[in-house]
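Data block below; observations after.
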Amino acid sequence: MLRADDGTPFYIGYNSNIQDGVIFHGLKDAKYSVNGIGYSIYIGNKVSIAHGALIHGPAIVGNNTFVGFNSIVFNAIVEDNCYIDTGAIVTGGIRIAANRYVPIGAIINTQAKADNLLEVPKAQSDFAEKVIKVNVELSEVYDLKFGDTRCSCGLCCNHKTLIHN
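Sequential numbering from 2 applies to the sequence shown in my numbering.
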């Protein structure tokens, strides 16, 4: 669910996947800047946000990052290539450096905790890569099956088979 009635704008990068039950919501007038533009929520490229996660702006989730099932990112910057594991909470205006791993159920709410995080283990990095690969492949299959043209309502069709009156 994207709730863009309070805090906006939101940005979602290419080849990112937002899974079932994810909620995006931003606070009015609370933004982080990316390339000189203020965003309530900024999701980089090749990001996976797993089922049931909550991204509450102001928040930045960097490129190639995995946000695990039922995790929360609120008022935080998560740099590139991070892995936030299941049920973790990242909040408190902190910045998580690139290539960091937030363990299952961890509460990272101070900069000191964020600065002590270890690098992403290979198993988690490999898993995150597979999730992106599968979801990119699914989007390509959806284009073949349902068409490559989308209207603003979200429906797909093959533009070659449209009836033009």
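The beta-carbon is built from N, C-alpha and C at its ideal position, and this holds for glycine as well.
Could you check whether the stretch 57–71 touches the stretch 22–40, counting it as contact only if at least three pairs of C-beta atoms, one from each stretch, sit closer than 8 Å? The stretch 57–71, when compared against the stretch 22–40, does touch it at the 8 Å Cβ threshold.
Is G94 closer than 8 Å to T66 when the C-beta atoms are compared? no
Give, in chain order, every unbroken run of the beta strand (DSSP E) that is at least 3 residues long and sits entirely within the stretch 9–56. 11–13, 24–27, 33–35, 38–40, 42–44
G14 versus I42 - alpha carbon distance: 11 Å
Check whether the stretch 63–81 touches the stretch 89–108, counting contact only when three or more Cβ pairs, one atom from each stretch, lie closer than 8 Å. Between the stretch 63–81 and the stretch 89–108 there are three or more C-beta pairs closer than 8 Å, enough to call the two in contact.
Using the C-alpha atoms, what's the distance from D7 back to F128? Annotation: F128 to D7 spans about 34 Å, alpha carbon to alpha carbon.
For L118 and A89, what's the separation of their Cα atoms in angstroms? 13 Å
With a threshold of 16 other CB atoms inside 10 Å of the CB of G37, please say whether the residue is buried or exposed. Around the beta carbon of G37, fewer than 16 other beta carbons lie within 10 angstroms, which makes this residue exposed.
V91 and I105: beta carbons closer than 8 Å? no
I109 vs A115 beta-carbon contact at 8 Å: yes
Using CA atoms only, rank isn't needed, just tell me which of T87, K131, Y12, G53 is closest to G39. Y12
Using DSSP with H/G/I as helix, E/B as strand and the rest coil, what is V91? strand
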